[in-house]
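Notes to accompany the following structure.
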Ligand code: NAP
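Next up, the structure:
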């Protein structure tokens with residue numbers, strides 16, 4: 280019975296969430312842990328903990344799952360742009376009176392030499408690129424179609440798995456998972472004569488090299504700002520999650 284009371288549901292979706300899963304299993308071997316993935320990419324990591332894949336079916340589905348599986352604590356370690364999942368977690372935790380901790384890595388901030396143009400959405404980012412731009416697009420599978428209408432630009436698209444619809448013929452697709460070094464990014468941008476980098480403000484180090492490279496080459500960066508998430512207890516790193524759980528029931 281006591282073991283059932285300690286069931287941690289970890290909502291994953293980032294490299295950090297994978298590291299957190301391991302850290303939790305090491306720190307709290309007596310607690311049950313389930314790691315949940317949206318299933319947006321097929322290439323799931325090998326984790327030594329139980330994994331579930333796919334949406335819960337909105338807030339009602341998450342409440343149902345958490346109630347049925349006796350979840351005692353939810354950790355939201357989804358991507359900072361996964362606003363719907365984060366909102367659902369807040370609502371479900373409230374409804375079930377469960378503790379919820381969000382792991383949210385700090386966002387990137389501009390430094391001297393950066394040429395950032397902040398925008399509120401990927402739609403705005405696509406509109407902001409000038410005609411003739413040679414854009415490096417690191418914005419994910421879900422949003423790439425917004426840019427494909429811009430046949431007046433060249434797009435160098437990098438993502439983990441191929442897009443669901445073809446890209447314009449004169450564009451180039453690279454399938455690769457970060458991290459890369461700033462030197463690799465500089466070489467890539469120079470080879471393709473990139474003029475603009477388009478990215479979400481994801482934060483963290485694993486995909487920061489492109490920001491560093493853009494600064495060093497003096498490139499314009501269209502920076503999509505983070506969505507505002509429903510408020511909940513938020514910590515910035517894995518160590519803080521482990522600390523917070525040490526005092527959780
Ligand atoms: P979202 O719009 O917040 O989520 C959409 C739905 O996917 C959720 O309502 C939920 O479905 C399901 N879902 C999301 N994360 C889940 C998880 N960990 N476990 C189970 N179901 C989950 O977020 P998104 O569509 O995943 O991503 C939005 C943006 O975030 C993307 O465009 C991308 O730029 C960025 N991003 C996300 C991830 C990721 O793995 N989530 C990774 C990298 C980047 P139900 O409502 O049915 O439960």
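Residue numbers (the numbering used here): 280 to 528.
Note that CB positions come from ideal geometry on N, CA and C, so glycine has one too.
Check                                                                                                                                                        : Outcome
Could you tell me if the beta carbon of residue 443 falls within a distance shorter than 7 Å of some heavy atom in ligand 1?                                 : no
Residue 475 bridges to which residues according to DSSP?                                                                                                     : 414, 499
Taking residue 460 as the reference, which of 444, 445, 451, 495 has the closest Cα?                                                                         : 495
In whole angstroms, what is the alpha-carbon distance linking residue 289 and residue 354?                                                                   : 5 Å
Quick check: the Cα distance between residue 299 and residue 457, rounded to an integer number of angstroms?                                                 : 18 Å
Within 7 Å: the Cβ of residue 339 and any heavy atom of ligand 1?                                                                                            : no
Whole angstroms are fine: how far does the CA of residue 332 sit from the CA of residue 563?                                                                 : The question about residue 563 has no answer here: the residues shown for the chain are numbered 280 through 528.
Taking the beta carbon of residue 481 as the centre, do at least 16 other beta carbons fall within 10 Å, making it buried, or is it exposed?                 : buried
Apart from the five residues on each side of it in sequence, which residues of its chain come closer than 6 Å, Cβ to Cβ, to residue 381?                     : 355, 511, 513
Over what stretch of residues does the alpha helix (DSSP H) that includes residue 521 continue unbroken?                                                     : 517 to 525
Can you tell me whether residue 317 sits near ligand 1, meaning its C-beta is under 7 Å from at least one heavy atom of the ligand?                          : yes
Cβ atoms of residue 377 and residue 352: under 8 Å apart, would you say?                                                                                     : yes
Using the rule of at least 16 other Cβ atoms within 10 Å of the residue's Cβ for burial, across every protein chain shown, is residue 515 buried or exposed? : exposed
So residue 393 is in the alpha helix (DSSP H); what residue range does that whole segment cover?                                                             : Counting along the chain, residue 393 falls outside any alpha helix (DSSP H), and DSSP gives it neither H nor E.
I need the DSSP call for residue 348, collapsed to helix, strand or coil.                                                                                    : coil
Run through the DSSP bridge pairs and tell me what residue 449 is partnered with.                                                                            : DSSP, once it has assigned bridges, lists no residue as partnering residue 449.
For residue 505 and residue 359, which I take to be in contact (beta-carbon distance under 8 Å), what is that distance rounded to the nearest angstrom?      : 5 Å
Does the Cβ of residue 419 lie closer than 7 Å to at least one heavy atom of ligand 1?                                                                       : yes
Strictly by DSSP, which residues pair up with residue 286?                                                                                                   : 311
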